[in-house]
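Chemist: Residue numbers (this note's numbering), protein chains in the order written: chain A, 84 to 410; chain B, 7 to 260.
1) Count the other CB atoms within 10 Å of the CB of residue 7 of chain B; is the residue buried (16 or more) or exposed (fewer)?
2) Looking at the C-beta of residue 25 of chain B, does it have a partner C-beta in chain A at a distance below 7 angstroms?
3) Looking only at C-alpha atoms, which of B:69, B:189, B:40 and B:206 sits nearest to residue 11 of chain B?
4) So, with DSSP's three-state summary, where would you put residue 260 of chain A?
5) Below 6 angstroms CB to CB, which residues in the same chain sit around residue 138 of chain B once its five sequence neighbours on both sides are set aside?
6) Going by DSSP, what residues sit across from residue 82 of chain B in a beta bridge?
7) If you compare alpha carbons, which of A:399, A:322 and A:297 is closest to residue 284 of chain A?
8) Under 8 angstroms Cβ to Cβ from residue 107 of chain A, same chain only, skipping five residues before and after it: list those, please.
9) Along the chain, where does the alpha helix (DSSP H) containing residue 325 of chain A start, and where does it finish?
10) For residue 75 of chain B, return the contacting residues in chain A, with the cut-off set at a CB-CB distance below 8 angstroms.
11) Return the bridge partner residues of residue 223 of chain B from the DSSP annotation.
12) Taking Cβ-Cβ distances shorter than 8 angstroms, what residues in chain B pair up with residue 269 of chain A?
13) Measure the C-alpha to C-alpha separation of residue 221 of chain A and residue 385 of chain A and round it to an integer number of angstroms.
14) Would the beta-carbon of residue 167 of chain B fall within 7 angstroms of that of residue 153 of chain B?
15) Taking the C-alpha atoms as reference points, what is the distance between residue 29 of chain A and residue 157 of chain A?
16) Report the rounded CA-to-CA distance for residue 81 of chain B versus residue 43 of chain B, giving the unit in angstroms.
17) Measuring alpha carbon to alpha carbon, tell me which of B:218, B:256, B:193 and B:199 ends up nearest residue 38 of chain B.
18) If the cut-off is 8 angstroms on Cβ atoms, which residues from the region 290-302 of chain A count as contacting chain B, listed in chain order?
19) Near residue 302 of chain A, which residues of its chain fall below 6 angstroms by C-beta distance, leaving aside the five closest residues on each side in sequence?
20) Are the CB atoms of residue 354 of chain A and residue 292 of chain A within a distance shorter than 7 angstroms?
21) Can you pull the chain B neighbours of residue 353 of chain A, defined as C-beta to C-beta under 7 angstroms?
22) For the region 167-205 of chain B, list the alpha helix (DSSP H) runs that are entirely contained and at least 4 residues long, ordered along the chain.
23) Using only alpha-carbon positions, find the residue among A:105, A:147, A:133 and A:118 that is nearest to residue 334 of chain A.
24) What residues of chain B sit near residue 350 of chain A, judged by a beta carbon separation below 7 angstroms?
25) Output the boundary residues of the beta strand (DSSP E) element that contains residue 65 of chain B.
26) Closer than 7 angstroms by beta-carbon distance: list the chain B residues that pair up with residue 161 of chain A, in chain order.
27) Find the residues of chain A that neighbour residue 108 of chain B, judging by a C-beta separation of less than 9 angstroms, and give them in chain order.
28) Does residue 175 of chain B come within less than 7 angstroms of chain A when only Cβ atoms are used?
29) So with CB distances below 7 angstroms, who are the chain A contacts of residue 72 of chain B?
30) Alpha carbon to alpha carbon, what distance is there between residue 213 of chain A and residue 228 of chain A?
31) Who are the Cβ neighbours of residue 100 of chain B in its own chain at under 7 angstroms, not counting the five residues just before and after it?
32) So the beta strand (DSSP E) residue 244 of chain B belongs to, where does it begin and stop?
33) Looking at the C-beta of residue 60 of chain B, does it have a partner C-beta in chain A at a distance below 7 angstroms?
34) Give the straight-line distance between the Cα atoms of residue 132 of chain B and residue 145 of chain B, rounded to the nearest whole angstrom.
35) Verify whether the separation of the beta carbon atoms of residue 204 of chain A and residue 176 of chain A is less than 7 angstroms.
36) Tell me whether the region 264-282 of chain A and the region 310-330 of chain A touch, counting them as touching only if at least three CB pairs, one residue from each stretch, are closer than 8 angstroms.
The following block contains the structure:
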């Protein structure tokens, strides 16, 4: 168990360092790293501190968020196909961002877009909680999530549909693909507190998720407060996914694939899977963000496109493996 | 000392009254068989007693805070749900959760409870197997072991022996009887009246939305009760080999 943690931490550290030294500036690796720590008066320090550092921090934090939220959601619903977007937070955050782009709020004010996305996430999660009711089975949460996702998705399409401005429409489409390019330290300060809070909330679920292995009834009889567990799950997921979507757009597949991939390495224990998926998610997003810069450096390849391109075949492979086990 | 006292418990679900005014108490050293036809409310009663269902009236267990309740009574639901392919050992260890603080690792006492539960259910050869790959009967034994590992004064089990082979049925009933002999108590819902008559110290019969009879097996399994609440006739005899109960025929239902 600790070995897995060391291996994953090592991978995350290596990829984090990679994310810091790889980029279009093409500076030597050691010069880049030293420029990060010592202000040598060259533009390299500026590149490192203002461009690459925020990008690496965001990849790490958002990857960890999506991984842990995915593991928590799968553990709670006892379904390996659940993903953090299930409760509708990412779609409602996206709707907020889309409205900000469409109305010009995003252009008028630097944080117009992320703040509007956060507002969308908050509204979405309040709606989900109201629909799902204060207590009740996990099925009501899924249904409420589907309703909110569908509604937010439909409204996003409506905005695109009625958009009189083709530039705004294309900006919306590109934003929705998800990216970490050109994010500043200000984006980090906006997202990090919420992500930190959400990760702490999600980490407290370990015990309850372990008990839920035996079903809701048995878990309750083992002293787990299911009402509180569900509220913590929804608020925690909303915080990490809302903040992530607000600064990076919608990035799919990380929350779905990473827990699935790591489950065999933690003996399928849903509690231990939480931190493992956080590290795994961070590694996957750092790797994807390096790929974006290496494969097509001049084309502004979008991060969400890469995670889906990598994630879908990986997931297919997992399905194929599961199918063989079933036979 | 009573381990559980239930009084005037009334349970409504979807505007129907499932059970009305059920009262009983459980002392130490009892193995109580909860019997009744399908739909008599056995599961409902046990869940309400545990506070998992809203009910009018009082149950001393339902009144406890959740952690204290989990240390007082273990619950084995009828649905044999295991969501993830965890090992048998891990699954049994889940029974120790109520005894562990947040983030506290499994200690010596926990280890001992887990080992004794594994040994008691004869699960030594299965220890490292994946729980979701076991047969139904094997899984039932693992879940019983999980309940035993919780090491509570009271155990409530919903049809624990359904799906077990005869040897394991007898062994499981003996195990519960052993708990009772050691001063703990168990309430098990059970359809096999023969095993109930042989192993239980007391039977509680539910029928027509109420508690019909509560007492020693011989006093509860009367021809009248069997005809009225199970629609059967049966042969019941006390022999040198212990009480023998064999259902014989179905009474014509009108």
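Yeah, the Cβ is synthetic: ideal placement off N, Cα and C, and Gly gets one too.
Modeler: This is what the structure holds:
1) The residue labelled residue 7 of chain B in the question sits at position 1 within the second chain. Burial call: exposed.
2) Here residue 25 of chain B corresponds to residue number 19 of the second chain, with the count starting at 1. So, not an interface residue.
3) Translated into positions along the second chain, residue 11 of chain B becomes position 5. Selected option, being the one with the closest Cα: B:69.
4) Within the first chain, numbered from 1, the residue matching residue 260 of chain A stands at position 177. Residue state, collapsed to three classes: coil.
5) Numbered from 1 along the second chain, position 132 holds the residue referred to as residue 138 of chain B. Once the five neighbours on either side are set aside, the close Cβ partners of residue 138 of chain B are 88 and 91.
6) Indexing the second chain from 1 puts residue 82 of chain B at position 76. Paired residue(s): B:163.
7) Reading the first chain from its first residue, position 201 is the one you call residue 284 of chain A. With distances taken between Cα atoms, residue 284 of chain A lies closest to A:322.
8) Position 24 of the first chain, counted from the start, is the residue given in the question as residue 107 of chain A. Answer for residue 107 of chain A: 376 and 380, listed in chain order.
9) Numbered from its first residue, the first chain carries residue 325 of chain A at position 242. From DSSP, the alpha helix (DSSP H) with residue 325 of chain A extends over 309-331.
10) Translated into positions along the second chain, residue 75 of chain B becomes position 69. Within chain A, the residues near residue 75 of chain B are 304 and 306.
11) The residue you call residue 223 of chain B lines up with position 217 of the second chain. None; residue 223 of chain B has no bridge partner.
12) For this step, residue 269 of chain A is matched to residue 186 along the first chain. Near residue 269 of chain A there are no residues of chain B at all, since even the closest Cβ is about 35 angstroms away, more than 8 angstroms.
13) For the purposes of this step, residue 221 of chain A is taken as residue 138 along the first chain, with counting starting at 1. For the purposes of this step, residue 385 of chain A is taken as residue 302 along the first chain, with counting starting at 1. Approximately 34 angstroms, taken between the alpha carbons.
14) The residue given as residue 167 of chain B occupies position 161 in the second chain. The residue given as residue 153 of chain B occupies position 147 in the second chain. No, they are not a contact pair.
15) Residue 29 of chain A falls outside the range modelled here, since chain A spans only 84 to 410, and no answer is possible.
16) For the purposes of this step, residue 81 of chain B is taken as the residue at position 75 of the second chain. For the purposes of this step, residue 43 of chain B is taken as the residue at position 37 of the second chain. Rounded to whole angstroms, residue 81 of chain B to residue 43 of chain B spans 21 angstroms at the Cα level.
17) The count along the second chain starts at 1 and reaches residue 38 of chain B at position 32. Comparing Cα-Cα distances from residue 38 of chain B to each of B:218, B:256, B:193 and B:199, the minimum goes to B:193.
18) 290, 293, 294, 295, 296, 297, 298, 300 and 301
19) Numbered from 1 along the first chain, position 219 holds the residue referred to as residue 302 of chain A. Answer for residue 302 of chain A: 294 and 295, listed in chain order.
20) Within the first chain, the letter at position 209 stands for residue 292 of chain A. Within the first chain, the letter at position 271 stands for residue 354 of chain A. Yes, the Cβ-Cβ distance between residue 292 of chain A and residue 354 of chain A is below 7 angstroms.
21) Residue 353 of chain A sits at position 270 when you count from the first residue of the first chain. Here the neighbours are 90.
22) 172-187 and 199-205
23) Indexing the first chain from 1 puts residue 334 of chain A at position 251. Of the listed residues, the one whose Cα sits closest to residue 334 of chain A is A:147.
24) For the purposes of this step, residue 350 of chain A is identified with residue 267 of the first chain, where counting begins at 1. Residues of chain B passing the Cβ test: 92, 93 and 96.
25) Here residue 65 of chain B corresponds to residue number 59 of the second chain, with the count starting at 1. Start and end: 62-65.
26) Here residue 161 of chain A refers to the residue found at position 78 when the first chain is read from its first residue. What residue 161 of chain A touches in chain B: 89.
27) As a position in the second chain, residue 108 of chain B is number 102, starting the count at 1. Correct list: 287, 289 and 290.
28) Counting from 1 along the second chain, the entry for residue 175 of chain B is found at position 169. Answer no: the Cβ-Cβ gap between residue 175 of chain B and chain A never drops below 7 angstroms.
29) For the purposes of this step, residue 72 of chain B is identified with residue 66 of the second chain, where counting begins at 1. What residue 72 of chain B touches in chain A: 306 and 308.
30) Here residue 228 of chain A corresponds to residue number 145 of the first chain, with the count starting at 1. Here residue 213 of chain A corresponds to residue number 130 of the first chain, with the count starting at 1. Rounded to the nearest angstrom, the two C-alpha atoms are 11 angstroms apart.
31) As a first step, residue 100 of chain B must be located in the second chain, where it is residue number 94. So the list reads 152, once near-sequence residues are dropped.
32) Mapped onto the second chain, residue 244 of chain B falls at position 238. 238-245 is the extent of the beta strand (DSSP E) around residue 244 of chain B.
33) As a position in the second chain, residue 60 of chain B is number 54, starting the count at 1. It does not; no Cβ of chain A falls within 7 angstroms.
34) Stepping through the second chain from its first residue, residue 132 of chain B is reached at position 126. Stepping through the second chain from its first residue, residue 145 of chain B is reached at position 139. Their backbone Cα atoms lie some 10 angstroms apart in a straight line.
35) Reading the first chain from its first residue, position 121 is the one you call residue 204 of chain A. Reading the first chain from its first residue, position 93 is the one you call residue 176 of chain A. Result yes, Cβ atoms of residue 204 of chain A and residue 176 of chain A sit closer than 7 angstroms.
36) yes
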